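Residue numbers (our numbering): 25 to 254. Everything on this sheet refers to the single structure shown next.
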Amino acid sequence: MVAGMGLALAGCVRSSVAPPVNQQSRHRPWLDRDQQTADRSTASPQPSPPAGVSTHAQPVPGAIARQHWTRVAGPVSRDIHAMNGVNRITVHHEGHTQVEFADVSSTQQRLEAIRRTHTAQRGWADIGYHFIIDRAGRVWCGRDVRYQGAHAREQNEHNIGVMVLGNFGVQAPTRAQVASLEQVVRTLMSFYRVPVNRIYTHRELPQQRTACPGDQLQAHVGWLRRARLA
Ligand SMILES: [Zn+2]
């Protein structure tokens with residue numbers, strides 16, 4: 025059904041999207057640890073993207089394009105809506121089993137499993153989230169940002185969904201994940217001109233009956249908004 029769509033997309037979105045004005049975000053900003061004082065002391069190794077990864081994805085430059093984790097290039101049905109502008113960003117966790125793996129191969133398999141669950145079981149057109157951050161801090165493209173996501177009931181309009189891999193009701197996010205989340209949100213805020221008071225966690229949106237993104241990530245998002253993104 026999607027065979028004709030090809031796997032030629034260079035990044036999350038096509039090149040018709042204007043590049044961000046922020047000079048520093050042209051390379052992988054979440055790998056720039058030297059601006060993140062919280063990580064200076066740990067000197068964790070930089071995660072490596074798969075070979076051949078695109079470095080000019082937009083609006084989050086360097087995010088790993090979806091052809092690196094799925095052969096399905098895009099939506100599998102027409103039950104999907106244009107985004108028509110972004111004015112808020114919502115943070116999620118996966119919220120299933122505890123995630124300990126941080127390697128590329130396991131992450132690729134997990135993303136494809138999520139996509140299959142969202143399409144085959146829930147009947148959605150594609151994976152519900154626009155970006156996914158793995159345990160090593162790599163950022164992966166999910167649903168094309170030209171489309172509304174399927175990540176918050178009745179609240180997907182103009183709303184970018186960023187999922188952090190793990191269940192933060194039972195585990196803590198890694199330092200690399202928190203650092204990447206900060207950089208991704210900062211880049212999206214700049215690209216779409218979203219103010220910090222429009223950065224939400226899933227549970228903060230109206231009428232969401234969810235613990236997402238788990239108490240431990242919730243606390244980090246609160247700190248990022250107060251201390252890093254404001
Ligand atoms: Zn959620």
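No residue lacks a Cβ here, since even glycine has one placed at the ideal position from N, Cα and C. Nothing here was measured: the structure is a model prediction, and the numbers come from that model.
So, using beta-carbon positions, are L189 and E118 closer together than 8 Å?
Along the sequence shown, read from residue 1 onward, the residue named residue 189 stands at position 165. Along the sequence shown, read from residue 1 onward, the residue named residue 118 stands at position 94. Yes; because the gap between Cβ atoms is below 8 Å, this pair is in contact.
By the 10 Å Cβ neighbour count, where 16 or more other Cβ atoms means buried, how is D127 classified, buried or exposed?
Walking along the sequence shown from the start, residue 127 turns up at place 103. So D127 counts as exposed.
C-alpha gap between T234 and R95, whole angstroms
In the sequence shown, counting from the first residue as 1, residue 234 sits at position 210. In the sequence shown, counting from the first residue as 1, residue 95 sits at position 71. When rounded, the separation of the alpha-carbon atoms in T234 and R95 is 31 Å.
For a quick check, are the C-beta atoms of N183 and A176 less than 8 Å apart?
For the purposes of this step, residue 183 is identified with residue 159 of the sequence shown, where counting begins at 1. For the purposes of this step, residue 176 is identified with residue 152 of the sequence shown, where counting begins at 1. Yes, the pair counts as a contact, with Cβ atoms nearer than the cut-off.
By DSSP, does T114 sit in helix, in strand, or in coil?
Along the sequence shown, one-based indexing puts residue 114 at 90. T114: strand per DSSP, three-state reduction.
Once DSSP output is grouped into helix, strand and coil, what is the label at N108?
For the purposes of this step, residue 108 is taken as residue 84 along the sequence shown, with counting starting at 1. Here DSSP, grouped into helix, strand and coil, assigns N108 to coil.
Given a threshold of 16 other Cβ atoms within 10 Å of its Cβ, counted over all protein chains shown, does G109 qualify as buried or as exposed?
Your numbering for residue 109 matches position 85 in the sequence shown. It counts as exposed.
Can you name, in chain order, every residue of its own chain whose Cβ lies under 6 Å from the Cβ of V202, other than the five neighbours on each side?
Taking the first residue of the sequence shown as 1, we reach residue 202 at position 178. So the qualifying residues of the chain are H244.
Strictly by DSSP, which residues pair up with F155?
The count along the sequence shown starts at 1 and reaches residue 155 at position 131. The partner list for F155 (beta bridge, DSSP) reads C165 and V186.
Using the C-alpha atoms, what's the distance from I104 back to Y171?
Residue mapping note: residue 171 aligns to position 147 of the sequence shown, counting from 1. Residue mapping note: residue 104 aligns to position 80 of the sequence shown, counting from 1. The alpha-carbon of Y171 is positioned some 7 Å away from that of I104.
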